[in-house]
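Data first, discussion second: the structure below is written as structure tokens.
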Amino acid sequence: MAVLSGTGQARHHYVAGLSVLAAGVLAFAAAVFGLTAGVGAIWSTVTGGGSTNAVAAAPAAATTNVQHVSLVVDPPPLYGVKVDGAVHDAFVPGTFTMKAGTTVVVSVTNYDSMPHTWTAPALGVNAQVTPGSQTSPSHVTFTIHPTKAGTFAWHCATPCDPWSMSHVGYMEGFVTVTA
Ligand SMILES: [Cu+2]
Numbered sequence: 001m002a003v004l005s006g007t008g009q010a011r012h013h014y015v016a017g018l019s020v021l022a023a024g025v026l027a028f029a030a031a032v033f034g035l036t037a038g039v040g041a042i043w044s045t046v047t048g049g050g051s052t053n054a055v056a057a058a059p060a061a062a063t064t065n066v067q068h069v070s071l072v073v074d075p076p077p078l079y080g081v082k083v084d085g086a087v088h089d090a091f092v093p094g095t096f097t098m099k100a101g102t103t104v105v106v107s108v109t110n111y112d113s114m115p116h117t118w119t120a121p122a123l124g125v126n127a128q129v130t131p132g133s134q135t136s137p138s139h140v141t142f143t144i145h146p147t148k149a150g151t152f153a154w155h156c157a158t159p160c161d162p163w164s165m166s167h168v169g170y171m172e173g174f175v176t177v178t179a
């Protein structure tokens with residue numbers, strides 16, 4: 001983004017430089033002409049650099065290498081997930097897919113009054129999710145850097161809902177990393 005903006009600015013100045021250059025036929029502009037031509041040449045160099053692979057490719061690569069995942073603990077309106085007539089603690093979604101070689105930014109919103117963790121040892125993650133409430137959920141963000149494809153288990157390491165802790169999709173689950 002910043003690089004693209006800078007490129008636009010460079011073009012603006014370059015065009016402005018050309019305009020002043022054109023106006024430079026006015027007699028008094030001799031000194032300004034030299035200065036503007038110099039500035040124009042500098043910006044021209046910068047603009048030229050903007051067309052190279054290094055500058056053009058960087059923003060695209062940065063964008064495609066970051067994934068965003070949102071998880072909700074005990075989502076409303078039930079503030080949990082109803083199973084067999086009871087509402088249980090759950091991370092929603094309990095399973096999701098990531099791409100190897102990316103940075104995955106995981107944002108957790110916790111409506112539960114208890115702390116939880118999102119722990120995936122094989123991915124090097126042990127994120128602490130602070131307690132929240134139904135009216136004022138807590139927000140925690142952490143990142144995952146999956147390096148290889150596979151299926152990786154996660155679980156909540158905080159003793160919470162016993163049923164949820166032994167059921168996939170509630171307080172444990174899997175993440176699929178694709179190549
Ligand atoms: Cu838990």
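Just so you know, the sequence shown maps onto residues 1 to 179 in our numbering. The beta carbon of each residue, even a glycine, is placed where N, CA and C say it ideally should be.
Please report the straight-line C-alpha distance between Y79 and A90, rounded to a whole angstrom. For this step, residue 79 is matched to residue 79 along the sequence shown. For this step, residue 90 is matched to residue 90 along the sequence shown. Straight-line spacing of the CA atoms in Y79 and A90 works out to 9 Å.
Would you call T47 buried or exposed, if buried means 16 or more other Cβ atoms sit within 10 Å of its Cβ? Start at 1 with the first residue of the sequence shown, and residue 47 comes out as number 47. Reliability of the predicted coordinates at T47 is poor, the pLDDT of 36 falling under 50, and the value obtained from them is presented with this limitation in mind. Buried.
Whole-angstrom Cβ separation of Y111 and Q128, contact assumed at under 8 Å? Here residue 111 refers to the residue found at position 111 when the sequence shown is read from its first residue. Here residue 128 refers to the residue found at position 128 when the sequence shown is read from its first residue. Incorrect: roughly 16 Å between the Cβ atoms, too far for contact.
Taking 6 Å as the line, does the beta carbon of T119 fall inside it for any heavy atom of ligand 1? For this step, residue 119 is matched to residue 119 along the sequence shown. Because no heavy atom of ligand 1 lies under 6 Å away, the Cβ of T119 does not count as near it: no.
Is the beta carbon of T158 within less than 6 Å of some heavy atom of ligand 1? Numbered from its first residue, the sequence shown carries residue 158 at position 158. The answer is yes for T158.
I believe V69 touches V104 by the beta-carbon criterion, under 8 Å. Please report the beta-carbon distance rounded to the nearest angstrom. As a first step, residue 69 is located in the sequence shown; it is residue number 69 there, counting from the start. As a first step, residue 104 is located in the sequence shown; it is residue number 104 there, counting from the start. Contact check for V69 and V104: beta-carbon distance about 6 Å, within the 8 Å limit, so the pair qualifies.
Since G150 sits in a beta bridge, which residues does DSSP pair it with? To locate residue 150, count along the sequence shown from 1; it is residue 150. Bridge partners of G150: V177.
What is the DSSP secondary structure of A127, counted as helix, strand or coil? What you label residue 127 is simply residue 127 of the sequence shown in a count that begins at 1. Looking at A127 - three-state DSSP - the assignment turns out to be strand.
State yes or no: is the C-beta of V140 within less than 7 Å of the C-beta of V108? Position 140 of the sequence shown, counting from 1, holds the residue named residue 140. Position 108 of the sequence shown, counting from 1, holds the residue named residue 108. Going by C-beta atoms, V140 is nearer than 7 Å to V108.
Residues bridged to N110 [DSSP beta-bridge criterion]: Position 110 of the sequence shown holds residue 110. N110 is bridged to V73 and S138.
Could you give the C-beta distance for W154 and V175, rounded to a whole number, given that I count them as a contact under 8 Å? Start at 1 with the first residue of the sequence shown, and residue 154 comes out as number 154. Start at 1 with the first residue of the sequence shown, and residue 175 comes out as number 175. Correct: roughly 6 Å between the Cβ atoms.
Going by DSSP in three states, C160 sits in which element: helix, strand or coil? Here residue 160 refers to the residue found at position 160 of the sequence shown. In the three-state scheme derived from DSSP, where H, G and I count as helix and E and B as strand, C160 is classed as coil.
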